[in-house]
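A.B. asks:
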Amino acid sequence: MLSSCKSTNAVTGTRLKKLSSEKIIANHYNRSFNFETLNAKLRVKYDDGKNSYSPAVTLRMEKDKAIWISVKMIIPLAKVLITPEKVSYYEKINNTYFEGDFTVLSEWLGTNDLDFDKVQQMLLGQALFNLRKDKYKSTVTDQTYQLVPKADLALFERLFLIRPDSFKMASQQLKQPIENRNLAINYHTYQKIGNQDFPKQIGIEAVQGDETTRIDIEYKAVDYNAKVSFPFKIPSGYKEVTIQ
């Protein structure tokens, strides 16, 4: 049975105690959502300025192994299967499919550095990048802990805002000034799933030049550690999409 629990909002009205970046990062990983499998129902709103959709989505995950997505608008429209090795999808409107690297997802989100781990972490309210690999400076900003790299990371400008109550992400923002790309992932609310903090509403805004893509995700129901399957077979006769 799928279950969804009461959402939680950011802590306000209390002066936050300053913490070192090492302590904040340690707490962030210590509070990671602990699971083996995930089965969730989502409502997604997609708008790229030219097209907009609001499909119902089923999301299934096996930790570190597979992310499976089924998209419906009255009838099934598309399926996506993401593994650490590749991205595969097919859609029934134009009878097309794709099998290859993470270029297609990177194009949708306006960044060229996506991989399986980043997609998984994004959906769970965790940092896209491994925060333990670099040195960060911590400050208190708008009732959240802010982390920015101490060193110039050249290709990316990174900013992470972490909630003080759960040490989950409140927002993570990436900029690629040379390519004029910005990606902001905002976690508006969280909910308790099995006494663990899990995202409830996520807002994604990707800007590339003068083009903006917005994706709003709402988890309507979430279950975890149940048996899941990942049915995926590209129908015969579909035309392959190539990404340059």
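Just so you know, the sequence shown maps onto residues 1 to 244 in UniProt numbering.
In this text, a Cβ means the ideal position worked out from N, Cα and C, and glycines have one as well.
Computed from a predicted structure; not experimentally measured.
Buried or exposed for LYS118, please, with buried defined as at least 16 other CB atoms from any protein chain shown within 10 angstroms of its CB.
C.D. replies: Its Cβ being crowded by 16 or more others within 10 Å, LYS118 is buried.
A.B. asks: Evaluate the contact criterion for the stretch 14 to 21 versus the stretch 134 to 145: three or more CB pairs, one atom per stretch, below 8 Å.
C.D. replies: Yes, they touch.
A.B. asks: Spatial neighbours of THR212 within its chain, please: C-beta separation below 8 Å, excluding the five flanking residues on both sides.
C.D. replies: Hits under 8 Å: ASP48, GLY49, GLU205, ALA206.
A.B. asks: May I ask you to list the residues that DSSP assigns as paired with ASN182?
C.D. replies: In the DSSP output, where bridge partners are listed per residue, ASN182 has LYS175, VAL207.
A.B. asks: Which residue comes first and which comes last in the alpha helix (DSSP H) that contains LEU123?
C.D. replies: Start and end: 116 to 124.
A.B. asks: Going by DSSP, what residue range makes up the beta strand (DSSP E) through ILE162?
C.D. replies: Start and end: 157 to 162.
A.B. asks: Going along the chain, which residues of its own chain have a beta-carbon closer than 6 Å to the beta-carbon of ARG214, five neighbours each way excluded?
C.D. replies: Counting only Cβ-Cβ distances below 6 Å, and skipping sequence neighbours, we find ASP47, GLU205.
A.B. asks: Can you give the Cα-Cα distance for LYS45 and GLU218, rounded to whole angstroms?
C.D. replies: Distance between the alpha carbons of LYS45 and GLU218 is about 9 Å.
A.B. asks: What is the DSSP secondary structure of ASN225, counted as helix, strand or coil?
C.D. replies: Coil at ASN225, not helix or strand.
A.B. asks: Would you check if the distance between the CB atom of PHE33 and the CB atom of GLN172 is smaller than 7 Å?
C.D. replies: Contact flag unset, no.
A.B. asks: Would you mind sorting GLY74 into buried or exposed? The rule is 16 or more other CB atoms within 10 Å of its CB.
C.D. replies: Residue identity differs from the one stated: residue 74 is Ile in this sequence, not Gly. ILE74 is exposed by the Cβ-count criterion.
A.B. asks: Using three-state DSSP, classify GLU22 as helix, strand or coil.
C.D. replies: Helix at GLU22.
A.B. asks: Take the Cβ of ASP152 as the centre, count every other Cβ of all protein chains shown within 10 Å, and call the residue buried at 16 or more, exposed below.
C.D. replies: Classification of ASP152: exposed, given that the 10 Å Cβ count is below 16.
A.B. asks: Does THR83 come out as helix, strand or coil in the three-state DSSP assignment?
C.D. replies: Note: THR83 maps to coil in three-state DSSP.
A.B. asks: Could you please give the first and the last residue of the uninterrupted beta strand (DSSP E) stretch that includes PHE98?
C.D. replies: Element bounds for PHE98: 96 to 100.
A.B. asks: Can you tell me whether LYS133 is helix, strand or coil according to DSSP?
C.D. replies: It is helical.
A.B. asks: What first and last residue would you give for the beta strand (DSSP E) that runs through LEU42?
C.D. replies: Note, LEU42: beta strand (DSSP E), 37 to 47.
A.B. asks: With DSSP collapsed to three states, give me the class of TYR219.
C.D. replies: In this structure, TYR219 counts as strand in the three-state DSSP scheme.
A.B. asks: Applying the criterion that 16 or more other CB atoms from any shown protein chain within 10 Å of the CB defines a buried residue, is ALA40 buried or exposed?
C.D. replies: Flag for ALA40 reads buried.
A.B. asks: Shortest alpha-carbon distance to ARG181 belongs to which of MET169, LEU42, GLU157?
C.D. replies: That would be GLU157, whose Cα lies nearest to the Cα of ARG181.
A.B. asks: Applying the criterion that 16 or more other CB atoms from any shown protein chain within 10 Å of the CB defines a buried residue, is VAL148 buried or exposed?
C.D. replies: Burial call: exposed.
A.B. asks: Would you tell me roughly how many angstroms separate the C-alpha atoms of TYR190 and THR37, rounded to the nearest one?
C.D. replies: Going by the C-alpha atoms only, they are around 19 Å apart.
A.B. asks: Identify which residue in MET61, PHE35, ALA78 has its Cα closest to the Cα of PRO55.
C.D. replies: Among MET61, PHE35, ALA78, the Cα nearest to that of PRO55 is on ALA78.
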